[in-house]
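Report on the following structure.
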Amino acid sequence: TRIDPETGTVHVGERAHESGAAELADVLLAPGVTLPRRVRARIRYRHEGAEASAEHLGGDRARLTFRAPTRSVAPGQIAVLYDGERVLGGGRVTRALGVDAPGVVASGA
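My numbering numbers the first residue of the sequence shown as -11 and each following residue consecutively.
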């Protein structure tokens, strides 16, 4: 599943299209929050959140590596990062990486 933010087109895929990681842009963090760290990432309004490791990629970019494969991660979505109930920050998903993508390994978060 993915959303093309330029055209607004929603592409629906099979369950096999789970994400092991996501790349974020336009990342904003609360004062004092630094990466890398373990987080709970909420991708959608009703999403309970997924345990992940968040790491800084430079500039306003970050990468989430999910502890378990996560469904329905798509470019254009906003990922909000939490520590318990505390909002740590968030960013716009620019790329969802499949569980078999090179460099994607379970984070152990």
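Ideal Cβ positions, reconstructed from N, Cα and C, are used throughout, including at glycine.
With a beta-carbon spacing of about 6 Å, Ala62 and Ala84 fall inside the 8 Å limit used to define contacts. In this structure, the straight-line span from the alpha carbon of Thr82 to that of Ala50 is close to 10 Å. Under the three-state reduction of DSSP, Gly8 is assigned to strand.
Separation of the CB atoms of Asp71 and Val27 is rounded to 7 Å, and the pair is thereby assigned contact status at 8 Å. Classified as buried, Arg30 has 16 or more neighbouring CB atoms from the shown chains inside 10 Å of its CB. Collapsing the DSSP output to three states places Arg32 in coil.
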